[in-house]
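Asker: Below: one structure in structure tokens.
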Amino acid sequence: MLKDKNIIVGITGGIAAYKTASLVRLFVKAGANVQVIMTPNAREFITPVTLSTLSGKPVISEFFTANTGQWNSHVDLGLWADAMVIAPATASTIAKMANGVADNMLVTTYLSAKAPVFVAPAMDLDMFKHPTTKRNLELLRSYGNHIIEPAAGELASHLIGKGRMEEPEKIFEVLDRFFEKGQDLAGKRVMITAGPTYEKIDPVRFIGNFSSGKMGFALAEECAARGAEITLIAGPVALNTSSPAIHRIDVMSAQQMHDAAISEFATSDVAILCAAVADYTVENALDHKIKREKDEIPVIRLKKNPDIAKAIGEIKKPGQVTIGFALETDNEVENAKGKCQRKNLDFIVLNSLQNKDAGFQVDTNVITIITSDGKALEYPCKPKTEVAKDIVDVLVKDYII
Ligand code: C5P
């Protein structure tokens, strides 16, 4: 898949830099054209001669070639690249990338690059855990960069923990798969519901839930990256989208989400029903603020909201694929299977509330995919952006013709 692809390999000053020689070798063997850019500190860890020999091109490290009047154009490099991989990416380079500090050739080229960017962090476990590193990686994710999570194990410091750069073979595989999958949703229209719904009690109060919308937004970005046109029907969330292929419709209540979903589904190939829709709405909602009267406790009467997934299951035509989510606290798998059938879903994604790294608000999730024929595929805890890839992989592999 990487034959004739132009790949920039960025190397920063971490001990894992020695492994990047193997990564360059793997890319070259696969037929890719590799341009290595090293930060000044990276040259302390591995010699540029090794990398220029392996890549067949002089390594770039400085903006200018001393006393020659020649300079390296980050803009040309940015346009040349089909992909950029930064491995190892130190905490410092990640921080510079996150904040646009273009004080070396590598970060300057990163800012100019239009191609997909892959970042393989490598650092000591405490640096990796530091809130600033976490925040910076989150920023890179929000720019659409792909983070290749470091592995856990013994680090160069002899401490044991997470922070070891992923092995070159794995990094190679991530890129190979990326180009293989490429645009496997090209021409498909995907409708996604995301976030909570708010049911008004009066003009200032509502009944809502803890859904952040992160899972649905990650799915929207993943489907867009793979070539689909997305309609994202979002409840009240504090999130932005970055892909121009995402058309967003903001709604408040379950009824509004239902109406938008029913109308959009008619022209969709796939519906992913990820929203945490309120099951009930307020029957006796008021158009003025409820006052705190002495001794009088207001009674909120509820009535059922429409079940969007079920309604969509009823109007689904052959060829349309629908995916639901389930969040259960007990009898998880059995309940999810029942839901999959009742709502005429092709598969359902079960989130467990029994795991503290899964479910509402957090950036990670632990899922089990349950198909309509009862198969259960279990996945480990991953960032929601990675979980989105797993879900879309199943969709593409088993359901998209
Ligand atoms: O029945 P339950 O709420 O557990 O089912 C969850 C699935 O159904 C999710 O995919 C959710 O988005 C969808 N749902 C819906 N409309 C509702 C309630 C749930 O689309 N009113």
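Following our numbering, the numbering of the sequence shown begins with 167 at its first residue and continues without gaps.
Note that beta-carbon positions come from the ideal geometry of N, C-alpha and C, so glycine has one too.
All of these numbers come straight from a predicted model, not from anything done at the bench.
1. Could you check if Asp292 belongs to the surroundings of the ligand C5P, using beta carbon to heavy atom distance under 8 Å?
2. Is Ile536 a contact residue of the ligand C5P, with contact defined as CB to any heavy atom under 8 Å?
3. Say the cut is 8 Å; is the CB of Asn238 nearer than that to a heavy atom of the ligand C5P?
4. Classify Arg307 as helix, strand or coil using the three-state DSSP reduction.
5. Sorry if obvious, but does the Cβ on Leu220 come closer than 8 Å to a heavy atom of the ligand PLP?
6. Compute the minimum distance between the beta carbon of Gly490 and the heavy atoms of the ligand C5P, and state whether it is under 8 Å.
7. Just to confirm my understanding: we take Tyr184, look at its own chain, exclude 5 residues before and 5 after, and list those with CB closer than 8 Å. What are they?
8. Buried or exposed for Glu588, going by 16 or more other Cβ atoms inside 10 Å?
9. Out of Ser538, Asp539, Leu543 and Lys509, state which residue places its alpha-carbon closest to the alpha-carbon of Asn517.
10. With burial defined as no fewer than 16 other Cβ atoms inside 10 Å of the residue's Cβ, what is the status of Glu498: buried or exposed?
11. State the CB to CB distance for the pair Thr256 and Met204, rounded to an integer number of angstroms; the pair is presumed to be in contact (CB under 8 Å).
12. Hey, how far is the Cα of Ser408 from the Cα of Arg307?
13. Answer with buried or exposed for Pro549, where buried requires no fewer than 16 other C-beta atoms within 10 angstroms of its C-beta.
14. For Glu430, which of helix, strand or coil comes out of DSSP?
15. Taking the alpha-carbon of Asn375 as reference, which of Ala384, Ala360, Glu388 and Ile438 has the nearest alpha-carbon?
16. Roughly how many angstroms lie between the CA atoms of Tyr545 and Asp170, to the nearest whole one?
17. Between Ala232 and Ala208, what straight-line distance do the alpha-carbon atoms span, to the nearest angstrom?
18. Using a threshold of 9 Å, state whether the C-beta atoms of Ile412 and Ala386 are closer than that.
19. Go ahead and pull the three-state DSSP assignment for Thr488.
20. May I ask whether a heavy atom of the ligand C5P can be found less than 8 Å away from the beta carbon of Asp359?
21. Would you say the segment 327-334 touches the segment 342-350, given that touching needs at least three Cβ pairs under 8 Å?
22. Can you list, in chain order, the residues of its chain with a C-beta nearer than 6 Å to that of Ile252? Leave out the 5 residues immediately preceding and following it.
23. What did DSSP end up calling Ser518 once you bin it into helix, strand or coil?
24. So does the segment 271-281 actually touch the segment 237-252, counting three or more Cβ pairs closer than 8 Å?
25. Does DSSP put Gly176 in a helix, a strand or coil?
26. Identify the continuous alpha helix (DSSP H) that holds Phe383 and give its terminal residues.
27. Which residues in the same chain as Lys568 place their Cβ atom closer than 7 Å to its Cβ, once the five residues preceding and following it in sequence are excluded?
28. Taking 8 Å as the cut-off, does the CB of Pro472 come closer than this to any heavy atom belonging to the ligand C5P?
29. I need the DSSP call for His424, collapsed to helix, strand or coil.
30. Where does the unbroken alpha helix (DSSP H) through His240 begin, and where does it stop?
31. Less than 9 Å between the beta carbons of Ala384 and Val553, yes or no?
32. Quick check on this structure: which residue in Met271, Arg414 and Thr488 has the alpha carbon closest to the alpha carbon of Asn510?
33. Of the choices Lys541, Gly540 and Ile535, whose alpha-carbon is the least far from that of Val558?
Answerer: For this structure:
1. To locate residue 292, count along the sequence shown from 1; it is residue 126. For the ligand C5P, not one heavy atom lies less than 8 Å from the Cβ of Asp292.
2. One-based indexing of the sequence shown puts residue 536 at position 370. Flag unset: Cβ of Ile536 not near the ligand C5P.
3. As a working mapping, residue 238 is identified with position 72 in the sequence shown. No, since every heavy atom of the ligand C5P falls outside the 8 Å radius drawn around the Cβ of Asn238.
4. By one-based count along the sequence shown, residue 307 stands at place 141. In this structure, Arg307 counts as helix in the three-state DSSP scheme.
5. With respect to the ligand PLP, the structure shown offers nothing to examine, as its ligands consist of the ligand C5P.
6. Reading the sequence shown from its first residue, position 324 is the one you call residue 490. At least one heavy atom of the ligand C5P is nearer than 8 Å to the Cβ of Gly490, so yes.
7. Looking up residue 184 in the sequence shown gives position 18. Answer for Tyr184: Phe211 and Ile212, listed in chain order.
8. Residue 588 lies beyond the range of the chain shown here (167 to 567); nothing can be said about it.
9. Taking the sequence shown and counting its residues from 1, one reaches residue 517 at position 351. Nearest C-alpha to Asn517: Leu543.
10. What you label residue 498 is simply residue 332 of the sequence shown in a count that begins at 1. Buried: at least 16 other Cβ atoms inside 10 Å.
11. The residue given as residue 256 occupies position 90 in the sequence shown. The residue given as residue 204 occupies position 38 in the sequence shown. That belief does not hold up - the Cβ atoms of Thr256 and Met204 are roughly 12 Å apart, past 8 Å.
12. For the purposes of this step, residue 408 is taken as the residue at position 242 of the sequence shown. For the purposes of this step, residue 307 is taken as the residue at position 141 of the sequence shown. Here the alpha carbons of Arg307 and Ser408 stand approximately 10 Å from one another.
13. Position 383 of the sequence shown, counted from the first residue, corresponds to residue 549. Pro549 comes out buried.
14. Here residue 430 corresponds to residue number 264 of the sequence shown, with the count starting at 1. Residue state, collapsed to three classes: helix.
15. Locating residue 375 in the sequence shown gives position 209, where the first residue counts as 1. Per the Cα distances, Ala360.
16. Here residue 545 refers to the residue found at position 379 when the sequence shown is read from its first residue. Here residue 170 refers to the residue found at position 4 when the sequence shown is read from its first residue. One C-alpha to the other measures close to 34 Å.
17. Taking the sequence shown and counting its residues from 1, the one referred to as residue 232 is at position 66. Taking the sequence shown and counting its residues from 1, the one referred to as residue 208 is at position 42. Straight-line Cα distance between these residues: approximately 19 Å.
18. Sequence index remark: in the sequence shown, residue 412 carries index 246 (1-based). Sequence index remark: in the sequence shown, residue 386 carries index 220 (1-based). Yes, Cβ-Cβ distance for Ile412 and Ala386 is below 9 Å.
19. Taking the sequence shown and counting its residues from 1, the one referred to as residue 488 is at position 322. Thr488: strand per DSSP, three-state reduction.
20. Here the question's residue 359 lines up with position 193 in the sequence shown. Here the sequence assigns Thr to residue 359, which means Asp is not the residue at that position. Relative to the ligand C5P, the beta carbon of Thr359 is positioned inside 8 Å of a heavy atom.
21. no
22. Here residue 252 corresponds to residue number 86 of the sequence shown, with the count starting at 1. If we look at Ile252 and ignore the five residues flanking it on each side, its Cβ neighbours are Gly176 and Val285.
23. Here residue 518 corresponds to residue number 352 of the sequence shown, with the count starting at 1. Three-state result, Ser518: strand.
24. yes
25. Along the sequence shown, read from residue 1 onward, the residue named residue 176 stands at position 10. Here Gly176 sits in strand by DSSP.
26. Translated into positions along the sequence shown, residue 383 becomes position 217. Note, Phe383: alpha helix (DSSP H), Lys380 to Ala391.
27. Here the chain covers residues 167 to 567 and nothing more, so residue 568 does not appear.
28. Taking the first residue of the sequence shown as position 1, residue 472 is located at position 306. At least one heavy atom of the ligand C5P is nearer than 8 Å to the Cβ of Pro472, so yes.
29. In the sequence shown, residue 424 corresponds to position 258, counting from 1. Helix.
30. For this step, residue 240 is matched to residue 74 along the sequence shown. Looking at the DSSP string, the run of the alpha helix (DSSP H) that includes His240 is His240 to Trp246.
31. Locating residue 384 in the sequence shown gives position 218, where the first residue counts as 1. Locating residue 553 in the sequence shown gives position 387, where the first residue counts as 1. Yes; because the gap between Cβ atoms is below 9 Å, this pair is in contact.
32. Here the question's residue 510 lines up with position 344 in the sequence shown. Closest option to Asn510, Cα to Cα, is Thr488.
33. Working through the sequence shown from its first residue, we reach residue 558 at position 392. Comparing Cα-Cα distances from Val558 to each of Lys541, Gly540 and Ile535, the minimum goes to Ile535.
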